[in-house]
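Visitor: I have a structure here, written as structure tokens, and I will follow up with some questions on it.
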Amino acid sequence: MTAPLQKASTSSVQLNLTAKEGLQLLRSMQLIRTFEEQVRTLYSGGVIPGLVHLCAGQEAVAVGVCSLLNTQDIIASNHRGHGHCLAKGADVSRMMAEVMGRRTGYGMGRGGTLHVFDAANGNLGTNGIVGGGIPLAAGAALSAKRRGGGEVAVCFFGDGALNQGLLFEVMNMAAIWRLPVLFVCENNGFGEFTAIEDVTAGPDPIARGLAFGIPSETVDGMDVLAVRTAAQRAIDRARSGRGPSFLICMTYRYGGHHVGDKQDYKDNTEAEAWRLKDPIERFGRWLQEIDMATAETIVALKHGVEDEVRAAIGLAKAAPFPDASDLGASLHD
Amino acid sequence: MTSSRTVTYRAAVLEALFGEMRRDDSVILMGEDIGAAGGVFKQTEGLFAEFGADRVIDTPISEAGAFGIAVGAAMTGQRPVFEVMFGDFITLIMDQLVNQAAKVHYMSAGQFNVPLVVRTAVGIGSNLGPQHSQSLHAWLTHVPGLKVVMPSTPADAKGLMAAAIRDDNPVIFFEDRMLYNLRDAVPEGDHVLPIGSAEIKRSGHDVTIIATGRMVQTALAAAELMAREEISAEVVDPRSLVPLDVERLVDSVKKTSRAVVLDGGYRQYGITGEIASTITEHAFDWLDAPVIRIGGADVPIPFSKTLELLTLPNAERLAHEATALVRGQR
Numbered sequence: 009m010t011a012p013l014q015k016a017s018t019s020s021v022q023l024n025l026t027a028k029e030g031l032q033l034l035r036s037m038q039l040i041r042t043f044e045e046q047v048r049t050l051y052s053g054g055v056i057p058g059l060v061h062l063c064a065g066q067e068a069v070a071v072g073v074c075s076l077l078n079t080q081d082i083i084a085s086n087h088r089g090h091g092h093c094l095a096k097g098a099d100v101s102r103m104m105a106e107v108m109g110r111r112t113g114y115g116m117g118r119g120g121t122l123h124v125f126d127a128a129n130g131n132l133g134t135n136g137i138v139g140g141g142i143p144l145a146a147g148a149a150l151s152a153k154r155r156g157g158g159e160v161a162v163c164f165f166g167d168g169a170l171n172q173g174l175l176f177e178v179m180n181m182a183a184i185w186r187l188p189v190l191f192v193c194e195n196n197g198f199g200e201f202t203a204i205e206d207v208t209a210g211p212d213p214i215a216r217g218l219a220f221g222i223p224s225e226t227v228d229g230m231d232v233l234a235v236r237t238a239a240q241r242a243i244d245r246a247r248s249g250r251g252p253s254f255l256i257c258m259t260y261r262y263g264g265h266h267v268g269d270k271q272d273y274k275d276n277t278e279a280e281a282w283r284l285k286d287p288i289e290r291f292g293r294w295l296q297e298i299d300m301a302t303a304e305t306i307v308a309l310k311h312g313v314e315d316e317v318r319a320a321i322g323l324a325k326a327a328p329f330p331d332a333s334d335l336g337a338s339l340h341d
Numbered sequence: 000m001t002s003s004r005t006v007t008y009r010a011a012v013l014e015a016l017f018g019e020m021r022r023d024d025s026v027i028l029m030g031e032d033i034g035a036a037g038g039v040f041k042q043t044e045g046l047f048a049e050f051g052a053d054r055v056i057d058t059p060i061s062e063a064g065a066f067g068i069a070v071g072a073a074m075t076g077q078r079p080v081f082e083v084m085f086g087d088f089i090t091l092i093m094d095q096l097v098n099q100a101a102k103v104h105y106m107s108a109g110q111f112n113v114p115l116v117v118r119t120a121v122g123i124g125s126n127l128g129p130q131h132s133q134s135l136h137a138w139l140t141h142v143p144g145l146k147v148v149m150p151s152t153p154a155d156a157k158g159l160m161a162a163a164i165r166d167d168n169p170v171i172f173f174e175d176r177m178l179y180n181l182r183d184a185v186p187e188g189d190h191v192l193p194i195g196s197a198e199i200k201r202s203g204h205d206v207t208i209i210a211t212g213r214m215v216q217t218a219l220a221a222a223e224l225m226a227r228e229e230i231s232a233e234v235v236d237p238r239s240l241v242p243l244d245v246e247r248l249v250d251s252v253k254k255t256s257r258a259v260v261l262d263g264g265y266r267q268y269g270i271t272g273e274i275a276s277t278i279t280e281h282a283f284d285w286l287d288a289p290v291i292r293i294g295g296a297d298v299p300i301p302f303s304k305t306l307e308l309l310t311l312p313n314a315e316r317l318a319h320e321a322t323a324l325v326r327g328q329r
């Protein structure tokens with residue numbers, strides 16, 4: 009049995025997408041790309057310490073899924089999570105401040121990029137443990153099911169987490185308890201520095217969801233509309249009490265595992281081929297083809313996000329670092 | 000005034016669970032065989048009948064995943080009591096406990112709470128062998144962000160379980176299965192004890208015995224033996240290992256000038272070492288002798304009854320050591 013494959017749809021009528029929504033999708037992807045380009049620059053300049061993991065190339069997945077979620081819906085993210093946080097509505101200034109370790113950040117500088125929590129927008133956090141957010145989202149789905157308000161939960165994880173046993177335990181429970189949760193795998197081809205095919209058995213990892221009777225589909229993760237279409241089906245299932253879904257979004261990580269990774273393990277031809285499918289370029293072209301946007305509106309949108317990110321950097325740089333009085337605070341409630 | 004009557008330790012914990020589940024709809028139970036089966040030690044009997052499958056949730060044998068789900072539920076409005084059937088199996092939930100539950104409140108600068116209880120049974124003496132007999136509570140005391148309680152009496156078990164459920168932080172509740180049938184006075188109705196408060200279980204003036212969990216019963220038996228030799232031992236039960244009521248422990252040692260620390264877990268790098276050094280730091284000038292540590296033998300807990308009980312501190316050995324301490328022989 010082969011996995012059901014969903015072809016990317018390019019019909020705005022079929023998608024019921026308004027021009028306003030289309031521009032919002034584009035802007036959201038531009039914001040993530042711009043935010044991370046600046047994070048890279050700040051990291052290289054020593055303003056951001058530690059390790060940062062960027063998602064450039066993968067923006068369509070976060071935006072496609074989160075554009076369909078309400079504030080009360082929950083997400084749990086992973087180590088490559090800037091996109092998920094921003095797409096779910098995070099404040100750009102507080103995000104940037106956290107990544108820079110400032111007191112005005114979401115975690116007052118205690119977490120950094122790997123631990124950005126945003127309770128007001130239903131974000132259970134980026135996560136330093138591969139697969140760590142998966143059961144958190146399922147737990148949020150258990151809460152949602154008990155409340156009966158129709159909320160859903162989404163966990164985002166990479167292909168590396170496809171080999172964590174925790175995923176299968178949680179998929180099993182989500183299926184038997186019919187939890188309103190989406191398992192969204194961003195398959196970018198690499199778990200850290202290792203190609204997925206070198207460490208993953210079986211002809212197609214989609215079988216891992218199908219084994220539990222979970223509706224599962226592989227999606228073009230470079231096409232925001234394809235992601236959105238598949239996510240809409242999954243969210244509808246979850247909201248109507250029909251349980252979990254599993255999406256594998258085929259995408260590509262333009263950068264390394266973290267900034268500074270030399271990426272000797274990558275094939276340049278392959279990388280170039282993926283860049284031709286860039287989700288932002290591609291969606292921008294499509295918006296123009298169907299007359300939802302002009303080249304000028306797209307440039308204006310880009311300038312808008314650049315201004316927003318620049319302002320966030322200014323605020324973060326001006327913000328204080330946490331001091332000794334913050335060290336032990338909030339250990340216990 | 001609440002009146003009390005005698006009930007078993009097992010029934011006392013159950014009273015707290017019934018009380019808290021009736022009081023607060025967000026309290027849910029998760030674990031293996033805790034539903035219609037009522038728990039392998041009958042420790043959840045009757046809960047499923049009253050609260051149903053929505054609140055008394057039988058999980059598959061998938062401790063890591065199920066506990067991770069409990070953490071996510073706790074972050075989003077539930078108050079899960081998660082049962083780990085044997086204390087040895089906390090190893091299976093360690094990542095979700097140590098790297099997620101313990102840190103979420105801190106990392107999120109207070110945006111999220113994790114109000115959950117991990118309930119688990121420990122204790123040597125049931126011939127359960129090396130993977131079902133360990134008391135690994137010391138591991139969890141090492142992780143900032145967790146609270147660790149270890150009640151020694153039915154009344155404390157009821158009061159601390161209620162407190163653990165109402166606490167907005169992750170609390171690990173260690174109960175000794177060899178105490179389940181211990182019967183003692185327990186207050187009826189609402190009974191909540193503060194977490195972090197030690198109690199003097201027997202007053203004395205020659206030596207302080209600080210004992211945890213079931214070892215409190217061992218210490219009380221030893222104190223009885225010592226009384227026949229005209230030695231007066233004070234028995235102090237921390238009840239909560241994190242936070243630790245340092246003041247009450249230190250006050251007792253300042254009074255007696257001698258201390259023995261007794262714990263049922265492994266001695267190496269364990270509870271006894273932490274408490275002994277805390278006493279030394281705070282009461283060095285009052286001590287007439289070094290603080291003595293007595294813990295479980297540092298071996299896997301063997302199955303055969305001729306070997307298993309050798310790993311567990313007993314009242315005779317404790318009385319012997321404490322008496323020697325008082326007589327200046329240590």
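One line per chain: the protein sequences are A and B, in this order. Each residue of the first sequence is one higher than the last, beginning at 9 in our numbering. Each residue of the second sequence is one higher than the last, beginning at 0 in our numbering. A virtual CB, placed ideally from N, CA and C, is assigned to each residue, including glycine.
Name, please, each residue of chain B whose Cβ falls closer than 9 Å to the Cβ of A:Leu-143.
Guide: Taking the first sequence and counting its residues from 1, one reaches residue 143 of chain A at position 135. Note that residue 143 of chain A corresponds to Pro in the displayed sequence, not to Leu. By Cβ distance, chain B contributes Ala-63, Gly-64, Ala-65, Phe-66, Gly-67, Ile-68, Ala-69, Val-70, Gly-71, Gln-95 and Gln-99.
Visitor: With 8 Å as the limit, tell me which residues of the stretch 136 to 157 of chain B have their beta carbon closer than that to any beta carbon of chain A; keep them in chain order.
Guide: Those would be Pro-143, Gly-144 and Lys-146, in chain order.
Visitor: Pick from B:Leu-127, B:Asp-244 and B:Val-206: whose alpha carbon is nearest that of B:Glu-320?
Guide: In the second sequence, residue 320 of chain B corresponds to position 321, counting from 1. Taking only the C-alpha atoms, the option nearest B:Glu-320 is B:Val-206.
Visitor: Indicate the three-state DSSP secondary structure (helix, strand or coil) for B:Asp-87 in the structure shown.
Guide: Reading the second sequence from its first residue, position 88 is the one you call residue 87 of chain B. Residue state, collapsed to three classes: helix.
Visitor: Can you name, in chain order, every residue of its own chain whose Cβ lies under 7 Å from the Cβ of A:Arg-117, other than the five neighbours on each side?
Guide: Counting from one through the first sequence, the residue named residue 117 of chain A turns up at place 109. Arg is not the amino acid found at residue 117 of chain A; the sequence shown has Gly there. Around A:Gly-117: Glu-106, Gly-109, Arg-110, Arg-111, Phe-329 and Pro-330.
Visitor: Count the other C-beta atoms from every protein chain shown that fall within 10 angstroms of the C-beta of B:Phe-302, then say buried if there are 16 or more, exposed otherwise.
Guide: Translated into the one-based positions of the second sequence, residue 302 of chain B becomes position 303. Counting Cβ neighbours within 10 Å, B:Phe-302 comes out exposed, since fewer than 16 surround it.
Visitor: Is A:Leu-132 close to chain B? Criterion is C-beta to C-beta, closer than 9 Å.
Guide: Sequence index remark: in the first sequence, residue 132 of chain A carries index 124 (1-based). Yes, A:Leu-132 counts as interfacial toward chain B.
Visitor: Between which residues of its own chain and B:Gln-42 is the CB-CB distance below 6 Å, once the five residues before and five after are set aside?
Guide: The count along the second sequence starts at 1 and reaches residue 42 of chain B at position 43. If we look at B:Gln-42 and ignore the five residues flanking it on each side, its Cβ neighbours are Arg-9.
Visitor: Just verifying my parser: in three-state terms, what is the DSSP assignment at A:Asn-276?
Guide: For the purposes of this step, residue 276 of chain A is taken as residue 268 along the first sequence, with counting starting at 1. A:Asn-276 falls in the helix class under three-state DSSP.
Visitor: Would you grab the beta carbon distance between A:Ile-82 and B:Thr-7 for me? Rounded to a whole angstrom, and I think it's under 8 Å.
Guide: Taking the first sequence and counting its residues from 1, the one referred to as residue 82 of chain A is at position 74. Taking the second sequence and counting its residues from 1, the one referred to as residue 7 of chain B is at position 8. About 41 Å; that fails the 8 Å criterion.
Visitor: Let me confirm a value: B:Glu-174 is counted as buried when at least 16 other C-beta atoms fall within 10 Å, else exposed. Which label applies?
Guide: Along the second sequence, read from residue 1 onward, the residue named residue 174 of chain B stands at position 175. Looking at its Cβ environment, which holds 16 or more other Cβ atoms inside 10 Å, B:Glu-174 is buried.
Visitor: Over what stretch of residues does the beta strand (DSSP E) that includes B:Leu-28 continue unbroken?
Guide: As a first step, residue 28 of chain B is located in the second sequence; it is residue number 29 there, counting from the start. 26 to 30 is the span of the beta strand (DSSP E), which, as asked, contains B:Leu-28.
Visitor: Run the proximity test for B:Leu-135: is its beta-carbon closer than 8 Å to any non-hydrogen atom belonging to the ligand FMN?
Guide: With respect to the ligand FMN, the structure offers nothing, as it holds no ligand at all.
Visitor: Considering only C-alpha positions, which residue in the set A:Met-230, A:Gly-217, A:Val-73 and A:Leu-170 is nearest to A:Thr-208?
Guide: Against the first sequence, residue 208 of chain A aligns to sequence position 200. If we check each option's Cα against that of A:Thr-208, A:Leu-170 comes out closest.
Visitor: If you follow the beta strand (DSSP E) that A:Tyr-260 is in, where does it begin and where does it stop?
Guide: For the purposes of this step, residue 260 of chain A is taken as residue 252 along the first sequence, with counting starting at 1. Element bounds for A:Tyr-260: n/a, residue is neither H nor E.
Visitor: Can you check which of these residues, A:Ala-64, A:Gly-54 and A:Leu-59, is closest to A:Asp-286 by C-alpha distance?
Guide: By one-based count along the first sequence, residue 286 of chain A stands at place 278. A:Asp-286 has its Cα closest to that of A:Ala-64, out of A:Ala-64, A:Gly-54 and A:Leu-59.
Visitor: Thinking C-beta only, is B:Met-160 closer than 9 Å to B:Thr-211?
Guide: Position 212 of the second sequence, counting from 1, holds the residue named residue 211 of chain B. Position 161 of the second sequence, counting from 1, holds the residue named residue 160 of chain B. Result no, Cβ atoms of B:Thr-211 and B:Met-160 do not sit closer than 9 Å.
Visitor: For a test of the three-state rule: what should DSSP assign to B:Glu-233, helix, strand or coil?
Guide: Here residue 233 of chain B refers to the residue found at position 234 of the second sequence. It is a strand residue.
Visitor: Count the other C-beta atoms from every protein chain shown that fall within 10 angstroms of the C-beta of B:Glu-82, then say buried if there are 16 or more, exposed otherwise.
Guide: On the second sequence, position 83 is the one that residue 82 of chain B refers to. Under this definition B:Glu-82 is a buried residue.
Visitor: Quick one: what's A:Phe-165 bridged to in DSSP?
Guide: Numbered from 1 along the first sequence, position 157 holds the residue referred to as residue 165 of chain A. Answer is A:Cys-193.
Visitor: Considering only the alpha carbon of each residue, which of B:Val-80, B:Glu-62 and B:Ala-318 lies closest to B:Arg-54?
Guide: Against the second sequence, residue 54 of chain B aligns to sequence position 55. The shortest C-alpha separation from B:Arg-54 is found at B:Val-80.
Visitor: Between which two residues does the alpha helix (DSSP H) holding A:Tyr-51 run?
Guide: Translated into positions along the first sequence, residue 51 of chain A becomes position 43. Looking at the DSSP string, the run of the alpha helix (DSSP H) that includes A:Tyr-51 is 27 to 52.
Visitor: So what does B:Ala-210 bridge to, in DSSP terms?
Guide: The residue labelled residue 210 of chain B in the question sits at position 211 within the second sequence. According to DSSP, which records beta bridges pairwise, B:Ala-210 is partnered with B:Leu-261.
Visitor: Of all the alpha helix (DSSP H) runs that stay within the bounds of the stretch 279 to 330 of chain A, which reach a length of 4 or more residues?
Guide: If we require 4 residues or more, the alpha helix (DSSP H) runs fully inside the stretch 279 to 330 of chain A come out as 287 to 297 and 303 to 326.
Visitor: For A:Gln-66, count neighbouring Cβ atoms within 10 angstroms of its own Cβ and tell me buried if that reaches 16, exposed if not.
Guide: On the first sequence, residue 66 of chain A is found 58 positions in, with the first residue counted as 1. Per the 10 Å Cβ criterion, buried.
Visitor: Do the CB positions of A:Gln-46 and A:Ile-306 come within less than 9 Å of each other?
Guide: The sequence position of residue 46 of chain A within the first sequence is 38, counting from 1. The sequence position of residue 306 of chain A within the first sequence is 298, counting from 1. No, they are not a contact pair.
Visitor: For B:Ala-63, count neighbouring C-beta atoms within 10 Å of its own C-beta (all shown protein chains included) and say buried if the count is 16 or more, exposed if not.
Guide: Taking the first residue of the second sequence as 1, we reach residue 63 of chain B at position 64. Classification for B:Ala-63: buried.
Visitor: Can you have a look at B:Gln-130 and say buried or exposed, based on whether 16 or more other CB atoms are within 10 angstroms of its CB?
Guide: Taking the second sequence and counting its residues from 1, the one referred to as residue 130 of chain B is at position 131. B:Gln-130 comes out exposed.
Visitor: Would you mind stating whether A:Pro-223 and A:Arg-241 have Cβ atoms separated by less than 9 Å?
Guide: For this step, residue 223 of chain A is matched to residue 215 along the first sequence. For this step, residue 241 of chain A is matched to residue 233 along the first sequence. Going by C-beta atoms, A:Pro-223 is nearer than 9 Å to A:Arg-241.
Visitor: List the residues that DSSP assigns as beta-bridge partners of B:Val-148.
Guide: Sequence index remark: in the second sequence, residue 148 of chain B carries index 149 (1-based). Paired residue(s): B:Phe-172 and B:Ser-239.
Visitor: Quick check on this structure: which residue in B:Gly-71, B:Ala-120 and B:Met-106 has the alpha carbon closest to the alpha carbon of B:Val-39?
Guide: Taking the second sequence and counting its residues from 1, one reaches residue 39 of chain B at position 40. With distances taken between Cα atoms, B:Val-39 lies closest to B:Ala-120.
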